[in-house]
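Quick note: the sequence shown, position 165, residue 165 per full-length UniProt numbering, numbers continuous.
One structure is given here, and the rest of the page talks about it.
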Amino acid sequence: MENKKQRCGFVAIVGRPNVGKSTLTNALIGAKISIVSRKSQTTRHPIQGVLTRDNAQFVFIDTPGFQTRHGGAMNRMMNRVVVQTLSDVDVVVHVVEAGKWSEGDENVLPLLPPSDKKHVILVLSKIDAIKNKAELFEFTTRIMAKYQYDAVIPVSAVKNTQLTILLDEIAQRLPHGEFMFDEDTLTDRSMRFISAEILREKIFRLVGDELPYASTVVIEEWNEEDKGIHINACVVVERESHKPILLGAGGQHMKRIATEARQEIADMVGKPVFLEVFIKVRKGWSEQESTLRDLGYE
Numbered sequence: 001m002e003n004k005k006q007r008c009g010f011v012a013i014v015g016r017p018n019v020g021k022s023t024l025t026n027a028l029i030g031a032k033i034s035i036v037s038r039k040s041q042t043t044r045h046p047i048q049g050v051l052t053r054d055n056a057q058f059v060f061i062d063t064p065g066f067q068t069r070h071g072g073a074m075n076r077m078m079n080r081v082v083v084q085t086l087s088d089v090d091v092v093v094h095v096v097e098a099g100k101w102s103e104g105d106e107n108v109l110p111l112l113p114p115s116d117k118k119h120v121i122l123v124l125s126k127i128d129a130i131k132n133k134a135e136l137f138e139f140t141t142r143i144m145a146k147y148q149y150d151a152v153i154p155v156s157a158v159k160n161t162q163l164t165i166l167l168d169e170i171a172q173r174l175p176h177g178e179f180m181f182d183e184d185t186l187t188d189r190s191m192r193f194i195s196a197e198i199l200r201e202k203i204f205r206l207v208g209d210e211l212p213y214a215s216t217v218v219i220e221e222w223n224e225e226d227k228g229i230h231i232n233a234c235v236v237v238e239r240e241s242h243k244p245i246l247l248g249a250g251g252q253h254m255k256r257i258a259t260e261a262r263q264e265i266a267d268m269v270g271k272p273v274f275l276e277v278f279i280k281v282r283k284g285w286s287e288q289e290s291t292l293r294d295l296g297y298e
């Protein structure tokens with residue numbers, strides 16, 4: 001028999017690129033599910049993270065930042081993911097950086113469902129960076145004139161400020177129903193997928209501005225034994241000229257990327273990890289939707 005006291009539903013975290021969606025998702029779940037960097041468009045896949053709290057189960061979907069400034073097959077595909085996700089969830093959390101409203105934020109507004117059709121909560125992120133909190137009132141008033149949100153919650157994901165309040169607001173808007181996942185589940189994504197994302201994060205963090213957007217990671221082999229996990233990973237780049245950038249002098253750059261990724265994966269799985277990383281050139285991979293699907297993009 002269904003437990004009428006339980007609530008369970010899908011929650012989309014949406015917003016312009018580089019607004020703090022993945023950091024917020026990880027903070028709410030209490031574990032690193034989505035990769036994070038200062039560069040925009042770090043998140044390319046919709047990632048489900050699960051939090052079970054009291055009588056509520058939240059299935060968070062960290063979406064790619066909606067992109068209008070740059071075209072291309074990858075951005076078109078990611079934008080479709082955002083639009084589809086918004087139509088399928090129970091609650092939408094629109095993340096806006098506190099005190100900063102841009103053209104990118106404006107472009108997200110038409111994607112939000114009608115306020116009388118779906119619950120939408122406005123989250124003002126990074127409030128720890130705002131010195132004069134009184135400025136937030138005027139900022140919030142301007143945004144509320146554009147869209148009638150159910151609630152407005154200022155938060156700081158890095159300081160864990162008001163995250164409990166945000167969860168309470170979301171929970172009361174989730175539909176009644178039994179939990180979809182075991183209570184100790186953190187994500188529906190496989191360790192293989194998350195490991196590829198961790199390696200991609202290190203590339204985003206440790207190389208220049210051009211290469212991360214022209215690279216992706218594919219796990220070609222994953223052999224798990226009692227003594228550890230053997231992983232063969234392939235970094236796919238678009239040009240021959242990208243290989244020396246990624247390798248660095250004497251291969252030291254790639255060695256550091258692989259070492260940091262291996263250590264983080266080992267900490268995550270709780271056993272030794274043996275990671276080998278190769279580089280392949282696949283020209284124009286990010287501009288061909290068929291190739292993107294082959295590489296695991298949705």
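Backbone N, C-alpha and C fix where the C-beta goes; we use that ideal spot for every residue, glycine too.
By alpha-carbon positions, which one of Ile229, Ile279, Met268 ends up nearest to residue 351? This structure does not reach residue 351, given that the chain is present from 1 up to 298, and the question cannot be answered.
Is it right to say Leu275 is buried, meaning 16 or more other beta carbons lie within 10 angstroms of its own, or is it exposed? Reading the sequence shown from its first residue, position 275 is the one you call residue 275. That one is buried.
Taking 8 angstroms as the cut-off, does the region 115 to 125 touch the region 82 to 100 (at least 3 CB pairs, one atom from each stretch)? yes
Between Trp101 and Ile143, how many whole angstroms is the CB-CB distance? I'm expecting something under 8 angstroms. Counting from 1 along the sequence shown, the entry for residue 101 is found at position 101. Counting from 1 along the sequence shown, the entry for residue 143 is found at position 143. Contact flag correct, Cβ pair sits at about 7 angstroms.
Looking at residue 304: is its Cβ nearer than 8 angstroms to the Cβ of Val281? For residue 304 there is no data in the structure shown, the boundaries of the chain being 1 and 298.
Member of Gly104, Val269, Ile170 whose CA lies at the smallest distance from the CA of Glu225: Sequence index remark: in the sequence shown, residue 225 carries index 225 (1-based). For the residues Gly104, Val269, Ile170, the minimum Cα distance to Glu225 belongs to Val269.
Check whether the Cβ atoms of Val93 and Ala12 lie closer than 8 angstroms to each other. Here the question's residue 93 lines up with position 93 in the sequence shown. Here the question's residue 12 lines up with position 12 in the sequence shown. Yes; because the gap between Cβ atoms is below 8 angstroms, this pair is in contact.
What would DSSP say about Leu174, mapped onto helix, strand or coil? Translated into positions along the sequence shown, residue 174 becomes position 174. Of the three classes helix, strand and coil, the one that applies to Leu174 here is coil, per DSSP.
Return the CA-CA distance between Ser22 and Lys227, expressed in angstroms with no decimal places. Reading the sequence shown from its first residue, position 22 is the one you call residue 22. Reading the sequence shown from its first residue, position 227 is the one you call residue 227. Looking at the two C-alpha atoms, the distance is approximately 32 angstroms.
DSSP bridge partner residues for Leu51 (one or two, in chain order): Position 51 of the sequence shown, counting from 1, holds the residue named residue 51. Note: Leu51 sits in a beta bridge opposite Phe58.
Of the choices Val235, Leu28, Leu51, Arg256, whose alpha-carbon is the least far from that of Ala196? Translated into positions along the sequence shown, residue 196 becomes position 196. Selected option, being the one with the closest Cα: Val235.
Looking at Glu135: is its Cβ nearer than 8 angstroms to the Cβ of Cys8? For the purposes of this step, residue 135 is identified with residue 135 of the sequence shown, where counting begins at 1. For the purposes of this step, residue 8 is identified with residue 8 of the sequence shown, where counting begins at 1. No. Outside cutoff.
Quick one: using the 10 Å Cβ neighbour count with 16 as the cut-off for buried, is Pro175 buried or exposed? The sequence position of residue 175 within the sequence shown is 175, counting from 1. Around the beta carbon of Pro175, a 10 Å sphere encloses fewer than 16 other beta carbons of the protein chains shown; the residue is thus reported as exposed.
For Lys280, the three-state DSSP class (helix, strand or coil): Start at 1 with the first residue of the sequence shown, and residue 280 comes out as number 280. Lys280: strand per DSSP, three-state reduction.
With the cut-off set at 8 angstroms, would you say Ile33 and Ile47 are in Cβ contact? Mapped onto the sequence shown, residue 33 falls at position 33. Mapped onto the sequence shown, residue 47 falls at position 47. With respect to Ile47, Ile33 sits close: the two C-beta atoms are nearer than 8 angstroms.
Output the distance between the C-alpha atoms of Glu260 and Leu247, rounded to the nearest integer angstrom. If you number the sequence shown from 1, residue 260 lands on position 260. If you number the sequence shown from 1, residue 247 lands on position 247. Distance between the alpha carbons of Glu260 and Leu247: 15 angstroms.
Per DSSP, Val207 forms a beta bridge with which residues? Along the sequence shown, read from residue 1 onward, the residue named residue 207 stands at position 207. The partner list for Val207 (beta bridge, DSSP) is empty, contrary to what the question assumes.
By the DSSP assignment, the alpha helix (DSSP H) with Arg142 in it spans what residues? As a position in the sequence shown, residue 142 is number 142, starting the count at 1. First-last of the alpha helix (DSSP H) with Arg142: 135 to 144.
Given a threshold of 16 other Cβ atoms within 10 Å of its Cβ, counted over all protein chains shown, does Glu183 qualify as buried or as exposed? If you number the sequence shown from 1, residue 183 lands on position 183. With fewer than 16 other Cβ atoms from the protein chains shown falling within 10 Å of its own Cβ, Glu183 counts as exposed.
Run through DSSP, which three-state label would Arg69 get? Here residue 69 refers to the residue found at position 69 when the sequence shown is read from its first residue. At Arg69 the pLDDT is 48, less than 50, meaning the model places this residue with poor confidence and gives no usable figure here.
Nearest neighbour of His119, chosen from His242, Phe10, Thr63 [CA to CA]: Here residue 119 corresponds to residue number 119 of the sequence shown, with the count starting at 1. His119 has its Cα closest to that of Phe10, out of His242, Phe10, Thr63.
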